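*Asks:* In our numbering, the protein residues as written are 256 to 488. Built from N, CA and C at the ideal position, the CB exists for glycine as well. Keep in mind it's a predicted model, so treat the numbers as computed, not measured.
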Amino acid sequence: MVNSFSFAESEAFLLLLTIGAYYVGVVINRKVRKPFTNPLLIAICLLIPVLTSLGIDYEHYEKGSHAISLLLSPTVVALGYTLHCQIKYIKGNVTRILLAITAGSIVGVLSVVAICLALNTPHLLMVSMEPKSVTMPIALGITSRTGGLLPLTAISVFICGIFGSIIGPWFLRKIGIKSPLAVGLAMGSASHGVGTSRALQIGQLEGAVAGMAIGLMGVWTAVVIPLVEQIIK
256 MVNSFSFAES
266 EAFLLLLTIG
276 AYYVGVVINR
286 KVRKPFTNPL
296 LIAICLLIPV
306 LTSLGIDYEH
316 YEKGSHAISL
326 LLSPTVVALG
336 YTLHCQIKYI
346 KGNVTRILLA
356 ITAGSIVGVL
366 SVVAICLALN
376 TPHLLMVSME
386 PKSVTMPIAL
396 GITSRTGGLL
406 PLTAISVFIC
416 GIFGSIIGPW
426 FLRKIGIKSP
436 LAVGLAMGSA
446 SHGVGTSRAL
456 QIGQLEGAVA
466 GMAIGLMGVW
476 TAVVIPLVEQ
486 IIK
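1) If distances are taken between C-alpha atoms only, which option among Val287, Ser320, Arg288, Asp312 comes closest to Leu272?
2) May I ask which residues mark the beginning and end of the alpha helix (DSSP H) holding Asn284?
3) Am I right that Ser444 and Ile356 are in contact with their C-beta atoms under 8 Å? What's the rounded C-beta distance?
4) Going along the chain, which residues of its own chain have a beta-carbon closer than 8 Å to the beta-carbon of Val281, five neighbours each way excluded?
5) Let me know if Gly450 comes out buried or exposed under the rule of 16 or more other beta-carbons within 10 Å of its beta-carbon.
6) Just the C-alpha distance for Leu407 and Val287, rounded to the nearest angstrom, thanks.
7) With the cut-off set at 7 Å, would you say Pro290 and Ile421 are in Cβ contact?
8) Using alpha carbons as the reference points, say which of Asp312, Arg400, His447, Leu372 lies closest to Phe418.
9) Whole angstroms is fine: what's the gap from Lys429's alpha carbon to Ile352's?
10) Quick check on Val362: does DSSP put it in helix, strand or coil?
11) Whole-angstrom Cβ separation of Leu301 and Val279, contact assumed at under 8 Å?
12) Can you name, in chain order, every residue of its own chain whose Cβ lies under 7 Å from the Cβ of Ala437, other than the five neighbours on each side?
13) Sorted by chain position, which residues of the same chain lie with C-beta nearer than 8 Å to Ser259's C-beta, five sequence neighbours on each side aside?
Structure below.
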């Protein structure tokens with residue numbers, strides 16, 4: 256007789272569970288078509304109670320679903336094709352793009368530091384949340400070097416991405432930002448992969464720029480965080 260709990264811990268079950276939860280999110284999103292019906296958000300809301308009821312912690316889930324995590328890096332690289340198709344619109348704006356990404360990286364890190372210092376948050380929690388605006392593989396790599404909590408980093412990245420993808424387009428419209436270049440930079444630098452997915456729905460140029468912002472944001476954040484840590488020590 257097959258042990259049901261052992262099967263629930265298997266990689267096959269966790270992969271099927273993850274894909275199934277996301278598929279349900281996609282179906283709901285296509286029917287409702289509202290920003291808050293983000294497929295990833297729905298998938299998370301479905302997965303958490305199931306994993307909790309089965310007693311599966313984050314470390315085990317992450318190991319069991321590592322095949323999906325491995326696809327994140329090549330997916331980001333694949334965005335380079337979209338960038339290549341839109342490169343004519345980006346030429347001549349290199350300086351502006353680099354300045355925007357630099358500012359976004361600094362603000363993204365310092366906003367976490369300022370809030371944590373104001374609330375007297377333990378340093379361990381602060382370093383875990385500092386790379387919140389960076390795509391997951393880079394964020395986890397940064398946290399592993401700074402000694403933070405990987406599960407907390409993952410949660411911070413998810414929340415930041417989902418919040419930005421839902422609120423970002425609405426907020427940019429409210430403050431009068433209409434430039435596709437500016438919208439793409441904002442979505443990609445603030446909300447990494449999830450924001451880029453949303454930017455692609457807005458337009459090809461927005462998505463291409465957002466994809467570029469993911470890589471540049473990761474590089475700059477990996478430089479900024481150690482500098483900030485040295486300053487505040």
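*Replies:* Inspection of the coordinates gives the following:
1) Residue numbering aside, residue 272 sits at position 17 when the sequence shown is read from its first letter. It is Ser320.
2) Here residue 284 corresponds to residue number 29 of the sequence shown, with the count starting at 1. Taken as a continuous stretch (DSSP letters only), the alpha helix (DSSP H) holding Asn284 covers 266 to 287.
3) As a working mapping, residue 444 is identified with position 189 in the sequence shown. As a working mapping, residue 356 is identified with position 101 in the sequence shown. Contact holds; Cβ gap of about 6 Å.
4) Along the sequence shown, one-based indexing puts residue 281 at 26. Listed in chain order, the non-local C-beta contacts of Val281 below 8 Å within the same chain comprise Pro294, local neighbours out to five positions each way being set aside.
5) For the purposes of this step, residue 450 is identified with residue 195 of the sequence shown, where counting begins at 1. Buried, by the Cβ-count rule.
6) Position 152 of the sequence shown, counting from 1, holds the residue named residue 407. Position 32 of the sequence shown, counting from 1, holds the residue named residue 287. Distance between the alpha carbons of Leu407 and Val287 is about 31 Å.
7) Your numbering for residue 290 matches position 35 in the sequence shown. Your numbering for residue 421 matches position 166 in the sequence shown. One thing to note: Pro290 has its Cβ within 7 Å of the Cβ of Ile421.
8) Translated into positions along the sequence shown, residue 418 becomes position 163. Residue His447 holds the alpha-carbon nearest to the alpha-carbon of Phe418 among Asp312, Arg400, His447, Leu372.
9) Here residue 429 refers to the residue found at position 174 of the sequence shown. Here residue 352 refers to the residue found at position 97 of the sequence shown. Roughly 22 Å between the two C-alpha positions.
10) As a position in the sequence shown, residue 362 is number 107, starting the count at 1. Helix.
11) Taking the first residue of the sequence shown as position 1, residue 301 is located at position 46. Taking the first residue of the sequence shown as position 1, residue 279 is located at position 24. Going by Cβ atoms, the distance from Leu301 to Val279 rounds to 6 Å, so yes, they are a contact pair.
12) Here residue 437 corresponds to residue number 182 of the sequence shown, with the count starting at 1. Setting aside the 5 residues that flank it on each side, Ala437 has no residue in the same chain whose C-beta is closer than 7 Å to its C-beta.
13) On the sequence shown, position 4 is the one that residue 259 refers to. Residue confidence is low: Ser259 scores 47 on pLDDT, short of 50, so the model does not pin down where it sits. No coordinate-derived value is stated.
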